[in-house]
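In my numbering, the protein residues as written are 720 to 889.
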């Protein structure tokens, strides 16, 4: 199967200030886009996983990136390298979605250490992507560094989140 994929992040803003005889505006625009062809080298990906998931109050789960997840066609997929990660917490969540910090075998090549986490607040998004010339990406090592830990930060209500992982099998 061939995969053509991409990911982008954009920030836009107009900062306006009143002056004695009018106003001045500074326009800020920053955008980064990643287009990936099918394959396993630099600027390529051949695996994609996507799902909408719900965690009960105080619950957590480990997404095993090496040989457990299934793609949209039901085929088991295994990542050797992650080129893009997207996690969006549902707007209606009361609690945060906490990403990272697996108790063992954590996929941590994208953070500084095994216990590090990122908090995604209700309605928030975590987006991580490599550069197009990056063949390495964020390494996944089967059985020792392949669990992406996701947790519900609170004990009162469940959380829902969307996850998309782009990567390569080698």
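Ideal Cβ placement from N, Cα and C applies to all residues, glycine included.
Distance, residue j Cα to residue i Cα
{"i": "residue 808", "j": "residue 739", "result": "44 Å"}
{"i": "residue 747", "j": "residue 736", "result": "14 Å"}
{"i": "residue 868", "j": "residue 834", "result": "10 Å"}
{"i": "residue 795", "j": "residue 751", "result": "30 Å"}
{"i": "residue 837", "j": "residue 856", "result": "19 Å"}
{"i": "residue 684", "j": "residue 819", "result": "The shown model of the chain, from 720 to 889, leaves out residue 684, and the question about it has no answer."}
{"i": "residue 731", "j": "residue 744", "result": "13 Å"}
{"i": "residue 801", "j": "residue 788", "result": "14 Å"}
{"i": "residue 866", "j": "residue 722", "result": "23 Å"}
For residue i, the nearest candidate out of the options (CA to CA)
{"i": "residue 804", "options": "823, 822, 821 and 830", "result": "830"}
{"i": "residue 871", "options": "722, 865 and 879", "result": "879"}
{"i": "residue 728", "options": "770, 754 and 734", "result": "754"}
{"i": "residue 881", "options": "887, 816 and 784", "result": "816"}
Check: residue i C-beta below 8 Å from any heavy atom of the ligand FMN
{"i": "residue 870", "result": "The ligand FMN is not part of this structure, which contains no ligands at all."}
Three-state secondary structure (DSSP) of residue i
{"i": "residue 800", "result": "strand"}
{"i": "residue 844", "result": "strand"}
{"i": "residue 865", "result": "coil"}
{"i": "residue 740", "result": "coil"}
{"i": "residue 818", "result": "strand"}
{"i": "residue 884", "result": "strand"}
{"i": "residue 781", "result": "strand"}
{"i": "residue 871", "result": "strand"}
Cβ-based burial, residue i [other Cβ within 10 Å; buried from 16]
{"i": "residue 792", "result": "exposed"}
{"i": "residue 749", "result": "exposed"}
{"i": "residue 822", "result": "exposed"}
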